[in-house]
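Asker: In this note's numbering, the protein residues as written are 1 to 402. Quick reminder that beta carbons are idealized off the backbone N, C-alpha and C, glycines included.
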């Protein structure tokens, strides 16, 4: 494969954010979840080249990537990222590498038997294997991908006490991570898909034992359709000095508008290409249901200058009730973008970056034009009028994709 270096125009520059002492990260982070499955080695290198040249220095991966997860491809995303660093001879101090250890799963038996739990042994083994795949001496930010204990995730909202059984103590996890920090294998630690309780528990453990490292970030979903972070986690983060790495800022592509056509979007888009194989995404964004493919663009009236109301006559469905819950609201956000002559991607990204607790927005791309569109969104600043319209939609349809 041709792995020649490609770059974007030098005029594109991504701003940075001080996440922790001596840890400045770009406000955009390129996620590598598709590397090794949807994106080939050559395509991955091209995206990494262009992102780096545009000023992105934060690259996020995970030991379980790419998705959909399967034994044959597990670890490829980290491997591709490591090969790119080595082959491009990029100075390690110019990059911020973040990756994650997989939590308990009954499905991924090829990762340490499940993994069965997230104890010290599993964490240590995962760190060592990630270092090998990334071909690096240290990882800048190491995160627990999801909790060892039961928590509602990926579309679930209500906590069910009967589903909590035994779990590895957080003290054991932080101790193992602390040993890796002391050994120079990782610099900082973070959590992901966490709750307010989990975040405060990690902080309490670090306070109780001064030698343990303190978490610096939480990587949770945050976008126009999922603002759950603001309900409880935001207050905790604000008072404790923790920042959000917001993944899925485009809601798995919903907010780009590509799924709003009657045909249901490009056949090579992730939610169509892997339909039925990506349960985490489909459970949250409901695209496994064929009805959402029939939803159509309902922003016509707003695009014509009107600020409220939609024409049901424009709907190609037999009746509006055929739309899935949440169908109207994501279309309304696209309508706001059109009304202000903004690309839908720009509205979605600008909304996330506007949050004062967001250190970086983690996005994925499989095409260069997609990458450019997201980077261009850094230049967009939402006016009070746009923000008001966004919040009006949110008030009508709060968090349809938690």
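1) Look up residue 363 in the DSSP assignment and give the residues it is bridged to.
2) Measuring alpha carbon to alpha carbon, tell me which of 23, 63 and 81 ends up nearest residue 48.
3) Between which two residues does the alpha helix (DSSP H) harbouring residue 128 extend?
4) Tell me, please, whether the segment 154 to 171 touches the segment 87 to 96 by the rule of three or more beta-carbon pairs shorter than 8 angstroms.
5) Quick one: what does DSSP say residue 173 is sitting in, helix, strand or coil?
6) Since residue 19 is in the beta strand (DSSP E), which residue starts that stretch and which ends it?
7) How big is the Cα-Cα spacing for residue 22 and residue 163?
8) Going along the chain, which residues of its own chain have a beta-carbon closer than 7 angstroms to the beta-carbon of residue 28, five neighbours each way excluded?
9) Please state whether DSSP places residue 236 in a helix, a strand or coil.
10) Tell me which same chain residues have a C-beta within less than 6 angstroms of the C-beta of residue 111, skipping the five on either side of it?
11) Does the distance from the C-beta atom of residue 19 to that of residue 217 stay below 8 angstroms?
12) Using 8 angstroms as the threshold, is the C-beta distance between residue 145 and residue 62 below it?
13) In the DSSP assignment, find the beta strand (DSSP E) that holds residue 387 and state where it starts and stops.
14) Using the Cβ count rule (16 or more neighbours within 10 Å means buried), how would you classify residue 115?
15) Candidates 400, 245 and 253: which alpha carbon is nearest residue 25's?
16) What number of angstroms, rounded off, separates the C-alpha of residue 243 from the C-alpha of residue 230?
17) For a quick check, are the C-beta atoms of residue 118 and residue 148 less than 8 angstroms apart?
18) Assign residue 459 to buried or exposed, taking buried as 16 or more other Cβ atoms, counted over all protein chains shown, within 10 Å of its Cβ.
19) Taking C-alpha atoms, which residue in 349, 33 and 43 lies nearest to residue 225?
20) Going by DSSP, what residues sit across from residue 226 in a beta bridge?
21) Report, in whole angstroms, the separation of the C-beta atoms of residue 202 and residue 174, which I expect to be a contact under 8 angstroms.
22) Is DSSP giving residue 252 helix, strand or coil here?
23) For the beta strand (DSSP E) that contains residue 101, what are its first and last residues?
24) Could you check whether residue 336 and residue 353 sit closer than 8 angstroms to each other, using their CB atoms as the reference points?
25) Are residue 34 and residue 66 touching if we call contact CB-CB under 8 angstroms?
26) With DSSP collapsed to three states, give me the class of residue 154.
27) Whole angstroms are fine: how far does the CA of residue 78 sit from the CA of residue 32?
28) Could you tell me the distance, in whole angstroms, from the CA atom of residue 342 to the CA atom of residue 250?
29) Are the beta-carbon atoms belonging to residue 50 and residue 368 less than 8 angstroms from one another?
30) Quick one: Cα of residue 331 to Cα of residue 351, how far?
31) Tell me the rounded alpha-carbon separation between residue 172 and residue 137.
32) Determine the closest residue to residue 120 out of 140, 209 and 180, with distance taken between C-alpha atoms.
33) Please report the distance separating the alpha-carbon of residue 185 from that of residue 372.
34) Do residue 85 and residue 135 have their C-beta atoms closer together than 8 angstroms?
Answerer: In brief:
1) When beta bridges are read from the DSSP output, residue 363 appears opposite 30.
2) Nearest in C-alpha terms to residue 48, of all of 23, 63 and 81, is 81.
3) Looking at the DSSP string, the run of the alpha helix (DSSP H) that includes residue 128 is 120 to 134.
4) The answer is no - the segment 87 to 96 does not touch the segment 154 to 171, with fewer than three Cβ pairs under 8 angstroms.
5) Residue 173: helix per DSSP, three-state reduction.
6) Counting along the chain, the unbroken beta strand (DSSP E) around residue 19 starts and ends at 16 to 20.
7) Linking residue 22 to residue 163 through their CA atoms gives a straight-line distance of about 41 angstroms.
8) Result list for residue 28: 14, 56, 360, 361, 363, 374, 375 and 378, in chain order.
9) Looking at residue 236 - three-state DSSP - the assignment turns out to be helix.
10) Result list for residue 111: 102, in chain order.
11) Against a cut-off of 8 angstroms, the Cβ pair of residue 217 and residue 19 comes out as a contact.
12) Taking 8 angstroms as the Cβ cut-off, residue 145 and residue 62 qualify as a contacting pair.
13) Counting along the chain, residue 387 falls outside any beta strand (DSSP E), though it belongs to the alpha helix (DSSP H) covering 384 to 396.
14) Buried, since its Cβ has 16 or more Cβ neighbours within 10 Å.
15) The shortest Cα separation from residue 25 among 400, 245 and 253 belongs to 245.
16) Between residue 243 and residue 230, the C-alpha separation is close to 12 angstroms.
17) Going by C-beta atoms, residue 118 is nearer than 8 angstroms to residue 148.
18) This structure does not reach residue 459, given that the chain is present from 1 up to 402, and the question cannot be answered.
19) Nearest of 349, 33 and 43 to residue 225, Cα basis: 349.
20) Beta-bridge pairing links residue 226 to 223.
21) Sure, about 7 angstroms apart at Cβ, within 8 angstroms.
22) Three-state DSSP puts residue 252 in coil, outside helix and strand.
23) Residues 96 to 101.
24) Contact: no.
25) The Cβ atoms of residue 34 and residue 66 lie closer than 8 angstroms to each other.
26) DSSP places residue 154 in coil when its eight states are reduced to three.
27) Looking at the two C-alpha atoms, the distance is approximately 8 angstroms.
28) Here the alpha carbon of residue 342 sits roughly 15 angstroms from the alpha carbon of residue 250.
29) Their beta carbons are under 8 angstroms apart, which means residue 50 touches residue 368 by this criterion.
30) If you take the alpha carbons of residue 331 and residue 351, they lie about 16 angstroms apart.
31) Taking the straight line from one Cα to the other gives about 24 angstroms.
32) For the options 140, 209 and 180, the alpha carbon positioned closest to that of residue 120 is the one of 180.
33) Approximately 33 angstroms, taken between the alpha carbons.
34) In this structure, residue 135 lies closer than 8 angstroms to residue 85 by Cβ.
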